[in-house]
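Participant: This is the structure I want to talk about, given as structure tokens.
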Amino acid sequence: MGRYVIRRLLQMIPVFFGTTLLIFLMVNVMGDPIAGLCGDRQCDPATAAQLRAEFGLDKPVWQQYLTYMGNVFTGDFGTAFNGQKVTELMATAFPITIRLTLIAIVFEIVIGISLGVVTGLRRGRPIDTTVLILTLVVISVPTFVTGLLLQLLLGVEWGVIKPSVSSDAPWNELIIPGLVLASVSLAYVTRLTRTSIAENARADYVRTATAKGLPRRRVVVRHLLRNSLIPVVTFIGTDVGALMGGAIVTERIFNIHGVGFQLYQGILRQNSQTVVGFVTILVLVFLAANLIVDLLYAVLDPRIRYA
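With full-length UniProt numbering, letter number 217 in the sequence shown gets 217, and the count goes up by one each step, no holes.
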């Protein structure tokens, strides 16, 4: 196990540098950040040259990337165009998005897996058909429609929640936004768990456990569910980073000043330092989540061994 973890960590190094390089190049070709900084009025040449020198934009792109990565390893993610440190923006945005993502993941695990197990064990019955139709509807409806609808009904019409989340984003105000963020992934987890349960329910080891006289609850939880969760864990693990980076729509609807909000503002203002800094952290989250998922395989299925 130890050798496997070390090998995986070493494999992450070229992936990290390659991904951040691609992001850095894409951000630098999406427009002129100095023009975006000056607004509608064009900067005079002297001011534009001074700003380019101040932010290091007068150097070749490869040199900008090397300088940036060197600063990243010292904990310096640069300065936004408004003069605020990117690390300060991260310190306020990431805790909010992490809370929102945790709530979304809990919804996926509790509701998605539970519905998947119930429908997988009752395949072809009315409850199975009903859940399949509902999940298909959830997948078909865009997230912004679901978010605006819940905001209108629960926040404006019925007054159950605040239409706009407070600046400090407490846990109780993030429940509905977390459900909106998790809605599509929750539907996929339900359908994936259902399919995996239904397929493994016909496996030989399940029939053997049942023939030995083991209680049905133990057969389902101890044998059937553990082996059926491997593809589900893979999906949820990769979904962690996707939820954190893809929360732009949800955070905009409920006015949540998290990672998605900062990314949106950075892209809108062509603030490359902010965009690259936040995406760099999200890359690390993706890599860490994938490593944890791979290690969980051995926990769920003892037959899996790491060389």
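Glycine residues also receive a C-beta, built at the ideal position from the N, C-alpha and C atoms. Owing to the predicted nature of the structure, the values given are computational and were not obtained by experimental measurement.
With three or more beta-carbon pairs closer than 8 Å as the criterion, would you say the stretch 78-91 touches the stretch 159-167?
Facilitator: no
Participant: With burial defined as no fewer than 16 other Cβ atoms inside 10 Å of the residue's Cβ, what is the status of VAL240: buried or exposed?
Facilitator: Buried is the label assigned to VAL240, since at least 16 other Cβ atoms lie within 10 Å of its Cβ.
Participant: Only counting the same chain, and skipping five residues up and downstream in sequence, which positions put a Cβ closer than 7 Å to that of THR67?
Facilitator: GLY56
Participant: Rounded to whole angstroms, how far is the Cβ of LEU224 from the Cβ of ALA201, which I believe are closer than 8 Å?
Facilitator: 6 Å
Participant: Going by Cα to Cα distance, which pick from ILE103, SER228, THR19 is closest to TYR65?
Facilitator: THR19
Participant: Use the C-beta contact count for GLU251: other C-beta atoms within 10 angstroms, 16 or more gives buried, fewer gives exposed.
Facilitator: By the neighbour-count rule (16 or more Cβ atoms within 10 Å), GLU251 is buried.
Participant: Keeping to the same chain, check which residues put their C-beta closer than 7 Å to that of THR210; ignore five residues upstream and five downstream.
Facilitator: VAL219
Participant: List the DSSP bridge partners of LYS59.
Facilitator: Per DSSP, none; premise fails for LYS59.
Participant: Closer than 7 Å by C-beta to LEU181: which residues in its own chain qualify, once you throw out the five before and the five after it? Chain order, please.
Facilitator: In the same chain as LEU181, and ignoring 5 residues on each side of it, the C-beta atoms closer than 7 Å to its own belong to LEU100, ALA104, LEU243, ALA247, THR250, in chain order.
Participant: Leaving out the 5 sequence neighbours to the left and right, which residues in its chain are closer than 8 Å to GLU108 when beta-carbon positions are compared?
Facilitator: A distance below 8 Å between beta-carbons, with the five flanking residues on each side excluded, links GLU108 to the following residues of its chain, in chain order: ALA182, SER185, LEU186, VAL189, ILE236, ASP239.
Participant: Nearest CA to the CA of GLY245: which residue from ASP204, ARG222, PHE94?
Facilitator: PHE94
Participant: Decide if GLN11 is buried, meaning its Cβ has at least 16 other Cβ atoms within 10 Å, or exposed.
Facilitator: Result: exposed.
Participant: Are there 16 or more other CB atoms within 10 angstroms of the CB of ARG194, so buried, or fewer, so exposed?
Facilitator: The Cβ neighbour count for ARG194, taken over all protein chains shown within 10 Å, is at least 16; the residue is labelled buried.
Participant: Give the DSSP-derived three-state secondary structure of THR74 in the structure shown.
Facilitator: coil
Participant: Measure from the C-beta of LEU66 to each C-beta in chain D and report whether the shortest distance is under 8 Å.
Facilitator: In the structure shown, chain D cannot be found, because there is only a single protein chain.
Participant: Give me the Cβ distance between VAL61 and VAL276, rounded to the nearest whole Å; I'm assuming they're in contact under 8 Å.
Facilitator: Incorrect: roughly 12 Å between the Cβ atoms, too far for contact.
Participant: Between PRO177 and ILE256, how many whole angstroms is the CB-CB distance? I'm expecting something under 8 Å.
Facilitator: 6 Å
Participant: Taking Cβ positions, are THR234 and VAL293 nearer each other than 8 Å?
Facilitator: yes
Participant: Look at the alpha carbon of GLY258 and the alpha carbon of ILE23, and state the distance between them as a whole number of angstroms.
Facilitator: Looking at the backbone, the Cα of GLY258 and that of ILE23 are separated by about 20 Å.
Participant: Based on Cα-Cα distance, which residue from ARG122, GLY112, GLY260 lies nearest to THR135?
Facilitator: GLY112
Participant: ASN271 to GLU54, Cα distance in whole Å?
Facilitator: 14 Å
Participant: Distance, Cα to Cα, ASN227 vs LEU115?
Facilitator: Each residue's Cα considered, the two are about 17 Å apart.
Participant: Since I believe VAL137 is in contact with ILE127 (beta carbons under 8 Å), could you give me their beta-carbon distance rounded to a whole number of angstroms?
Facilitator: The pair is not a contact, with the Cβ atoms about 16 Å apart (cut-off 8 Å).
Participant: Which residue's Cα is closest to the Cα of THR79: ASP204, GLY2, GLN273, LEU192?
Facilitator: GLN273
Participant: What does the alpha-carbon distance come out to for the pair THR92 and ALA203?
Facilitator: 49 Å
Participant: Could you tell me the alpha carbon to alpha carbon distance between ALA169 and ARG122, rounded to whole angstroms?
Facilitator: One alpha carbon belongs to ALA169, the other to ARG122, and they sit about 40 Å apart.
Participant: Could you check where the alpha helix (DSSP H) with THR101 kicks off and where it finishes?
Facilitator: 86-107
Participant: Are the beta-carbon atoms belonging to PHE77 and VAL283 less than 8 Å from one another?
Facilitator: By the CB criterion at 8 Å, PHE77 and VAL283 fall outside the cutoff.
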